[in-house]
Structures are given as C-alpha cells and as structure tokens.
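According to the UniProt record's numbering, the sequence shown is numbered sequentially starting from 1.
Everything on this sheet refers to the single structure shown next.
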Amino acid sequence: MHLEGTVLRGREFEPVEGRVVVEDGTITNIEETETDSTDIILPAFVNAHTHLGDSIAKEAGEGLSLDDLVAPPDGLKHRLLRAASTEEKVAAMHRSLRMMERGGTAACLEFREGGVEGVDIIRQALDGRDIEAVVLGRETEAAMEVSDGFGASGARDAEFGELRNATDNAGKLFGIHAGERDSLDINPALDLDPDFLVHMVHPEPLHLERVGDSEIPIVVCPRSNLVTGVGVPPIRELVERTTVALGTDNVMLNSPSMFREMEFTSKLAAVPAAEVLRMATINGADIAGLNYGLVEEGRDAKLLVLDGDTDNLAGAKDVVRAVVRRAGMADVKDVYL
Ligand SMILES: [Zn+2]
C-alpha cells in the first residue's frame with residue numbers, strides 16, 4: 001500500500017510532497033515525489049489520558065466543584081457509574097471509542113475505574129474496534145494484574161507505595177494524577193517515581209526542578225482543567241523540562257477529540273504547533289511504549305489522512321499549524337489503524 005500527498009515526516013513534521021510506502025503494516029519508505037494529491041498524511045493520535053467510563057454521563061453536573069464531580073468514592077461521576085448497568089457502560093464506551101477512531105486516534109491511555117470488572121468492561125467495549133486502549137486498572141492490585149498497569153487517583157487519597165512496587169515488579173505502567181487542584185500532592189507523587197504524572201496545573205519552582213531532573217513525563221489535559229475550574233497548566237515550562245503529552249480526560253467533561261485538545265492547547269500555550277502535534281502523537285506513544293506516533297521508517301503504519309482541500313483547510317500556508325489549530329473531524333478522509 002502507499003499513500004500520497006503532503007507527508008508530515010518524522011519528529012519535526014516537516015511537510016514533504018510524496019508517498020508513504022507501507023508493507024505488512026509497517027512504514028518502509030517515505031519517497032519525495034511530485035503528486036497531484038491534496039491529502040495530508042500524518043501519524044494517528046495517541047490520546048494520553050482518558051476516563052471513558054463516564055461516557056454515560058456527558059455534560060452532567062453543571063456548576064459542581066471538582067470534588068463533587070469526580071472525586072472518589074462519592075463524586076457524581078462515581079455515583080452515576082455505580083448506578084449504570086454493565087450493558088449501558090459497554091455501549092457508551094464503545095461509541096466513544098468509535099468516535100475517537102474516526103477522529104484519527106490510534107490509542108488511548110485509559111484510567112479504568114471499577115477494579116477487575118472495570119477492566120473487563122472496556123475489553124468488551126473494544127470488541128470490533130481498531131483503536132487500542134492501554135488500560136490502567138484502578139483501586140486494586142488485581143485490576144493492575146489483569147490490565148496494562150495502575151492508574152492512581154492521587155497521592156492525597158491513599159498511600160500507593162505498595163501498588164507502585166507491585167506494578168513495577170509486573171513490568172507495567174504506573175501513572176498518577178498530581179497537582180490538579182493545588183501543589184500539595186506533587187512531591188508525594190514524584191516520590192513514587194511514576195512512569196508519568198497527569199495534570200500538573202500547580203507546580204511550584206521546586207516541583208519544576210524535580211520534573212526537570214527526573215524527566216518524568218507529564219500528561220496535560222487543559223480543556224478538562226478549565227471545565228473543573230482548577231486553572232491551566234504551565235505548558236511551556238513543562239515542555240522545556242520533560243516529555244509532555246495531551247489527554248482529553250473524562251468524556252463526561254469533554255468530547256474525546258484530539259483536534260479540539262490540540263487547538264485549545266496551541267492557542268493557550270506559547271509553544272510551536274509542531275510541539276503540540278508531538279504532544280498529540282509521539283509523546284503519548286513514548287509514554288505507553290507504542291511503536292507509532294510518527295511517520296518514519298520502521299514505525300507501525302497507524303496513519304491519519306486529512307483532505308487538504310476541504311473548505312476548512314484549502315489554501316493553508318502552514319500545514320502543521322492548520323492541522324493543529326484548524327482541522328477537525330470533518331476534514332478526516334481516511335484513518336489507518
Ligand atoms: Zn484523570
């Protein structure tokens with residue numbers, strides 16, 4: 001198979017007119033050549049932080065505080081999850097996964113509530129879909145054992161040392177929320193030496209220094225932070241110090257669209273568009289150990305093709321900026337996952 005058009009090649013997303021050659025699902029060559037195609041070929045997205053379970057509760061809870069919305073065990077989200085049947089949850093998650101797939105998302109890093117049963121629910125929801133979910137179980141060690149790792153709520157909620165060690169011994173991923181509403185849980189989260197932190201809206205200079213020294217990756221979810229009223233993360237300061245990836249967080253709060261998250265991030269933070277595109281692709285892939293997220297030889301051919309000649313994108317003078325700040329679901333021509 002080969003795809004022709006403007007290829008956003010490699011880690012810099014350098015726009016190259018040409019052809020991506022794919023053999024047995026792997027990118028084997030990027031050939032520069034003239035083409036009539038107006039397609040734009042880029043890596044499929046990696047959504048680095050989702051909670052898909054609350055797909056059953058879109059836009060619930062207007063006006064509630066962060067705690068009242070999502071804090072375990074009795075925030076609105078957790079009550080709605082308990083009240084919903086397994087069938088409802090599977091069906092709602094399946095639809096979110098399908099939407100993400102159609103929007104060019106190859107994988108998500110999912111924090112999955114509900115212990116072992118919760119992990120089983122997303123496995124059911126993934127049935128028949130091409131999108132991959134890197135599932136981090138929550139609440140129990142058993143949930144970690146049957147999934148790809150452990151997704152901790154935050155260091156203020158419990159002592160996670162034992163779970164962190166068990167996850168490490170299993171060779172799996174350990175992620176933890178930190179610095180979402182204030183800075184108090186950042187040091188204890190960093191002390192756990194996690195594989196990644198989520199949010200980091202409120203780092204103090206000391207925390208930024210620790211992030212820089214440890215280079216622990218960070219997943220930011222700026223739209224979510226705005227919805228819950230906690231502020232916005234200092235994205236540029238984080239990007240200068242470590243790997244930063246983008247996530248859309250709870251489906252309850254935000255549509256799981258990487259186009260929307262990229263546009264918002266790009267207009268919020270003083271970082272180049274190519275940096276934002278790395279946050280939406282390779283950086284999340286690197287955190288999860290996935291061999292895609294870039295158009296380069298040897299990578300899995302998980303690719304997104306946009307129609308560069310839609311009314312929305314035609315005439316763009318800077319392709320990468322147009323993809324990051326302007327493109328949307330309606331510009332998607334093909335998705336190869
Ligand atoms: Zn989260």
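All C-beta atoms in this analysis are idealised placements derived from N, C-alpha and C, irrespective of residue type, glycine included.
Buried or exposed by the 16-neighbour rule on C-beta atoms within 10 Å, applied to residue 73: exposed
Quick test of the definition: if touching needs 3 or more C-beta pairs under 8 Å, does the segment 39–48 touch the segment 287–307? yes
In angstroms with no decimal places, state the Cα-to-Cα distance between residue 63 and residue 29. 51 Å
Should residue 250 be counted as a contact of ligand 1 given a C-beta to heavy atom distance under 8 Å? yes
Report the option in 50, 79, 57, 59 whose CA atom is closest to the CA atom of residue 105. 50
Please classify residue 331 as buried or exposed, where buried requires at least 16 other C-beta atoms within 10 Å of its C-beta. buried
Among 269, 279, 238, 270, which has the Cα closest to the Cα of residue 248? 279
With a floor of 4 residues, list each alpha helix (DSSP H) that falls wholly inside the segment 184–212, ordered by position along the chain. 186–191
Residues of its chain near residue 101, where Cβ-Cβ distance is below 7 Å and the 5 sequence neighbours each way are ignored: 129, 130, 131, 335, 337
Host beta strand (DSSP E) of residue 129 (start-end): It is not in any beta strand (DSSP E) - residue 129 carries neither H nor E in the DSSP assignment.
C-alpha distance - residue 36 paired with residue 27, whole-angstrom precision: 21 Å
Please go through the same chain and pick out, in chain order, the residues whose beta-carbon is closer than 7 Å to the beta-carbon of residue 98, but skip the five residues on each side of it. 129
Any non-hydrogen atom of ligand 1 closer than 8 Å to residue 108 Cβ: no
Can you tell me whether residue 111 sits near ligand 1, meaning its C-beta is under 8 Å from at least one heavy atom of the ligand? yes
Residue 205, buried or exposed, once every other Cβ within 10 Å from all chains shown has been counted against 16: exposed
Would you grab the beta carbon distance between residue 31 and residue 18 for me? Rounded to a whole angstrom, and I think it's under 8 Å. 5 Å
Mapping the DSSP letters down to three states, classify residue 102 as helix, strand or coil. helix
In the DSSP assignment, find the unbroken alpha helix (DSSP H) run with residue 161 in it and report its ends. 161–169
Can you tell me which residues form a DSSP beta bridge with residue 59? Its beta-bridge partners do not exist; DSSP assigns none.
With 16 other Cβ atoms within 10 Å as the buried cut-off, status of residue 79: exposed
Just list the residues that DSSP pairs residue 15 with in beta bridges. 8
Among 322, 24, 274, which one has its Cα closest to the Cα of residue 307? 322
So, is residue 33 buried or exposed, given that buried needs 16 or more other C-beta atoms within 10 angstroms? exposed
Own chain partners of residue 264 with C-beta closer than 7 Å, once the 5 adjacent residues on each side are dropped: 222, 223
How about residue 176 and residue 155: are their beta carbons less than 9 Å apart? yes
Would you say the segment 181–188 touches the segment 241–257, given that touching needs at least three Cβ pairs under 8 Å? no
is_contact[residue 114, chain D] using C-beta, thresh 9 Å: Absent from the structure: chain D. Only one protein chain is present.
Restricting to Cα atoms, I'd like to know which of 261, 229, 81, 210 is closest to residue 242. 210
May I have a chain-ordered list of the alpha helix (DSSP H) segments no shorter than 4 residues that lie completely inside the UniProt domain "Amidohydrolase-related" (197–312)? 205–214, 222–227, 235–239, 258–268, 273–279, 282–288
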